[in-house]
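Working notes for the structure below.
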Amino acid sequence: LVFGASTVFAGDEPIKVKEVIVSATKIEEAVEETTSSVLVIPQEKIEAKGKVFIVDVLKDVPEINVVQNGGAGKSATIFLRGGSSSQTLVMIDGIKVKSTTLGYFNFANLNTDDIERIEIVKGAQSTIYGSDAMAGVINIITKKGKGPLKIQGSYEEGAHKTFSPSVTLSGGTDKVDYRVTASRYETEGISAGKTGTEPDGYRNNAVSAKIGVRPSDKLELEFAVKYSDDYSELDNTDGTDDLNYLSFGRHYLYSAKGKLYLTDEWEQVLTISRVKDYEKTTDSDESWGNSDIITALDTVDWQHNLYLTESYTLTLGAEYREEEGENIGSFDKTVNNSAFYLNNKLKVLNDALVLNGGLRYDDHETFGDKITYRVGGVYNIKSAGLKVKANYGRGFRAPTLNNLYFPNSGNPDLKPEKSSSWEVGVEKEIMRDRASVSLTYFEQEYKDLIEWKETPPGSGLWLPQNTAEAKVRGIEAGAVVRISESLTASAFYAYTDSEDKTTGQRLRRRPLDKLNVTLDYAKGPASVTAGYTYVSKVFDSTWVGNLPSYILVDLSGSYKLNKNLKVFARIENMFNQNYEVAGNYGTPGASMYTGIKWSI
Numbered sequence: 023l024v025f026g027a028s029t030v031f032a033g034d035e036p037i038k039v040k041e042v043i044v045s046a047t048k049i050e051e052a053v054e055e056t057t058s059s060v061l062v063i064p065q066e067k068i069e070a071k072g073k074v075f076i077v078d079v080l081k082d083v084p085e086i087n088v089v090q091n092g093g094a095g096k097s098a099t100i101f102l103r104g105g106s107s108s109q110t111l112v113m114i115d116g117i118k119v120k121s122t123t124l125g126y127f128n129f130a131n132l133n134t135d136d137i138e139r140i141e142i143v144k145g146a147q148s149t150i151y152g153s154d155a156m157a158g159v160i161n162i163i164t165k166k167g168k169g170p171l172k173i174q175g176s177y178e179e180g181a182h183k184t185f186s187p188s189v190t191l192s193g194g195t196d197k198v199d200y201r202v203t204a205s206r207y208e209t210e211g212i213s214a215g216k217t218g219t220e221p222d223g224y225r226n227n228a229v230s231a232k233i234g235v236r237p238s239d240k241l242e243l244e245f246a247v248k249y250s251d252d253y254s255e256l257d258n259t260d261g262t263d264d265l266n267y268l269s270f271g272r273h274y275l276y277s278a279k280g281k282l283y284l285t286d287e288w289e290q291v292l293t294i295s296r297v298k299d300y301e302k303t304t305d306s307d308e309s310w311g312n313s314d315i316i317t318a319l320d321t322v323d324w325q326h327n328l329y330l331t332e333s334y335t336l337t338l339g340a341e342y343r344e345e346e347g348e349n350i351g352s353f354d355k356t357v358n359n360s361a362f363y364l365n366n367k368l369k370v371l372n373d374a375l376v377l378n379g380g381l382r383y384d385d386h387e388t389f390g391d392k393i394t395y396r397v398g399g400v401y402n403i404k405s406a407g408l409k410v411k412a413n414y415g416r417g418f419r420a421p422t423l424n425n426l427y428f429p430n431s432g433n434p435d436l437k438p439e440k441s442s443s444w445e446v447g448v449e450k451e452i453m454r455d456r457a458s459v460s461l462t463y464f465e466q467e468y469k470d471l472i473e474w475k476e477t478p479p480g481s482g483l484w485l486p487q488n489t490a491e492a493k494v495r496g497i498e499a500g501a502v503v504r505i506s507e508s509l510t511a512s513a514f515y516a517y518t519d520s521e522d523k524t525t526g527q528r529l530r531r532r533p534l535d536k537l538n539v540t541l542d543y544a545k546g547p548a549s550v551t552a553g554y555t556y557v558s559k560v561f562d563s564t565w566v567g568n569l570p571s572y573i574l575v576d577l578s579g580s581y582k583l584n585k586n587l588k589v590f591a592r593i594e595n596m597f598n599q600n601y602e603v604a605g606n607y608g609t610p611g612a613s614m615y616t617g618i619k620w621s622i
């Protein structure tokens, strides 16, 4: 389901726009042919919200719970469909990104400047992507340059002494395209600690570039680089001020991708990437607040797409991944993983029924072999505007470098975490394609989950062990209604029932209920978006307990003064709700921002 309209109107007649995604099977395919449950947040929806950071866009998605340890720039992680932050694979243009020591991706510093769309694939996806894709995949697709040379810029300022300029240079022809963006974000911020009084500032500088070259009809090349650095002031975990607790980071992503069309039926895709992060924290008051960590993730993926008939596509490939982690003064380790994968896509019954099945073999340096598989199908009854789908899959997550090698507490004998998941869902178009509704039921079971436990009890020695099990089941429902050519309403709801089968308690930071309702109005040069989000109470931790439910209302709008100039504004947390998303950490009250966008 597309989060936002995928229908445009010519007069009173709807015209369907075919949405194409790449994350579900690593090949381009229409959403209607995708057997997995997929949520797409398109560029126009992201721009309408006016949010600077991707994490703030994801906060509105009911299937995702965002946990941020304070205001802008503070550590931000996500929980998709009840899976933990380390059980969801995050990618940028298909490049895997995460901390190899912690096992998850910190969304805090990733802005929306270059984002074309966000694809969220739910359920176990390890058959295609290997480790970490137990609960699903979030693939952030960035823009390419096109057309004559264009220079675009924006400037925003507002609450908490925040300002954010950015500038982009882009263009392209049939043979080459390019896009370069530079941005800065700086804010005095709010107190990261819930009971703190001192604002904790944050600043971020980012540069990204993407170049595409097509020397012939048979060959396409693409090169990309992203760099950002950040500075953030932090507070104590008990919610009190810490005047000397600071964080510094530098983040690099390099990738090169080549597509070779040997024949009309055989496409090869070779991708080489490196992701490297430098993270340092200092605290002159507390020794535990000092760390200096370097992580790197190198990946080589050689994919073959064989379009053997109009109805059958075979995808197969090999992947090599090397994870490096150095906690200066503690450890310096590297592990590698080799994998082979294949996926089959078959369309039958005049393309109404699409079947999908895949298999993957992983050979990990520490725990050995692992085989995962996935099967699914989608049946499109076009005359009735009805789509029915079902999936079953298995996933796994390899232990992190901290799990394996942290001094005096790592456990090199750990096994991978394992999951199995299934789902059934329906989508229906109604009212002459002016509305659509969807309903999905899913279940996921997790085994051999890694927990840090005192071993033996009372010894003071904490070791990671494969001791935990969990179960998550839920319902996801959505509706999009085109009320008129100018006004669209959408509502999405997620019910997520989770259980730690060892203790019988709900899993941490997974709300039972989450609802988002959005109204989008666009006519002529003006557009307005109003959003309402409800999050039920959630268990945070044994030392904090439950966090109360809350409601957030956001309002954003823009007005085009001419074809090259647009002004915009937004209000976040309009009714100044006092709430928490992470125990003992602060959240912003009512905040207003205004700005301008221009192009030449």
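According to my numbering, the stretch in the sequence shown is residues 23 to 622, in order.
All residues carry an ideal CB built from backbone N, CA and C; glycine is no exception.
Every value quoted in this text rests on a predicted model; they were computed, and no experiment measured them.
The ligand GDP heavy atom lying under 8 Å from the CB of residue i
{"i": "residue 544", "result": "As presented, the structure is devoid of all ligands, the ligand GDP included, so that no description of it is given."}
Endpoints, beta strand (DSSP E) assigned at residue i
{"i": "residue 555", "result": "548 to 557"}
{"i": "residue 149", "result": "Element bounds for residue 149: not the beta strand (DSSP E) but the alpha helix (DSSP H), 148 to 151."}
{"i": "residue 486", "result": "484 to 504"}
{"i": "residue 139", "result": "137 to 144"}
{"i": "residue 170", "result": "169 to 180"}
{"i": "residue 607", "result": "Careful: residue 607 lies outside any beta strand (DSSP E) and carries neither H nor E."}
{"i": "residue 199", "result": "198 to 209"}
{"i": "residue 278", "result": "267 to 285"}
{"i": "residue 565", "result": "Per DSSP, residue 565 belongs to no beta strand (DSSP E) and is neither H nor E."}
{"i": "residue 64", "result": "59 to 64"}
{"i": "residue 614", "result": "613 to 621"}
{"i": "residue 578", "result": "572 to 584"}
{"i": "residue 158", "result": "158 to 164"}
Pairwise C-alpha distance: residue j and residue i
{"i": "residue 436", "j": "residue 88", "result": "28 Å"}
{"i": "residue 198", "j": "residue 278", "result": "15 Å"}
{"i": "residue 171", "j": "residue 350", "result": "45 Å"}
{"i": "residue 195", "j": "residue 452", "result": "40 Å"}
{"i": "residue 498", "j": "residue 245", "result": "38 Å"}
{"i": "residue 297", "j": "residue 275", "result": "5 Å"}
{"i": "residue 598", "j": "residue 255", "result": "24 Å"}
{"i": "residue 179", "j": "residue 404", "result": "48 Å"}
{"i": "residue 183", "j": "residue 252", "result": "17 Å"}
{"i": "residue 209", "j": "residue 225", "result": "6 Å"}
{"i": "residue 60", "j": "residue 449", "result": "12 Å"}
{"i": "residue 119", "j": "residue 423", "result": "15 Å"}
{"i": "residue 79", "j": "residue 229", "result": "21 Å"}
{"i": "residue 556", "j": "residue 236", "result": "47 Å"}
{"i": "residue 21", "j": "residue 186", "result": "Beyond the ends of the chain as shown, which are 23 and 622, falls residue 21; an answer cannot be given."}
{"i": "residue 248", "j": "residue 273", "result": "8 Å"}
Closest residue to residue i among the options (Cα-Cα distance)
{"i": "residue 469", "options": "74, 356, 123 and 488", "result": "488"}
{"i": "residue 583", "options": "617, 552 and 610", "result": "617"}
{"i": "residue 420", "options": "310, 152, 383 and 561", "result": "152"}
{"i": "residue 522", "options": "104, 574, 224 and 578", "result": "104"}
{"i": "residue 242", "options": "305, 214, 284 and 227", "result": "284"}
{"i": "residue 52", "options": "90, 179, 162 and 402", "result": "402"}
{"i": "residue 325", "options": "604, 47, 611 and 607", "result": "47"}
{"i": "residue 572", "options": "536, 592 and 590", "result": "536"}
{"i": "residue 173", "options": "155, 570, 161 and 203", "result": "203"}
{"i": "residue 395", "options": "406, 388, 389 and 383", "result": "383"}
{"i": "residue 678", "options": "139, 157, 486 and 471", "result": "Only positions 23 to 622 of the chain appear in this structure, which leaves residue 678 out of reach."}
{"i": "residue 70", "options": "602, 323, 609 and 588", "result": "588"}
{"i": "residue 607", "options": "357, 221 and 150", "result": "221"}
Alpha helix (DSSP H) segment containing residue i, residue limits
{"i": "residue 77", "result": "76 to 80"}
Reduced DSSP secondary structure (H/G/I, E/B, other) of residue i
{"i": "residue 309", "result": "helix"}
{"i": "residue 597", "result": "coil"}
{"i": "residue 625", "result": "Outside the shown range of the chain, which is 23 to 622, sits residue 625, and nothing can be said about it."}
{"i": "residue 130", "result": "helix"}
{"i": "residue 341", "result": "strand"}
{"i": "residue 242", "result": "strand"}
{"i": "residue 545", "result": "strand"}
{"i": "residue 188", "result": "strand"}
{"i": "residue 183", "result": "helix"}
{"i": "residue 325", "result": "strand"}
{"i": "residue 53", "result": "helix"}
{"i": "residue 533", "result": "coil"}
{"i": "residue 528", "result": "coil"}
{"i": "residue 230", "result": "strand"}
Next item on the list: Enumerate, from N- to C-terminal direction, the unbroken alpha helix (DSSP H) stretches of 4 or more residues contained entirely within the stretch 398 to 475.
Entry: Counting only runs of 4 or more residues that sit fully inside the stretch 398 to 475, the alpha helix (DSSP H) segments are 423 to 427, in chain order.
Item checked: Contained beta strand (DSSP E) runs [length at least 3] in the stretch 67 to 119, N- to C-terminal order -> List check, beta strand (DSSP E) in window: 86 to 90, 98 to 102 and 110 to 114.
Item checked: alpha helix (DSSP H) runs wholly inside the stretch 370 to 397, at least 4 long, in chain order -> Within the stretch 370 to 397, there are no complete alpha helix (DSSP H) runs of at least 4 residues.
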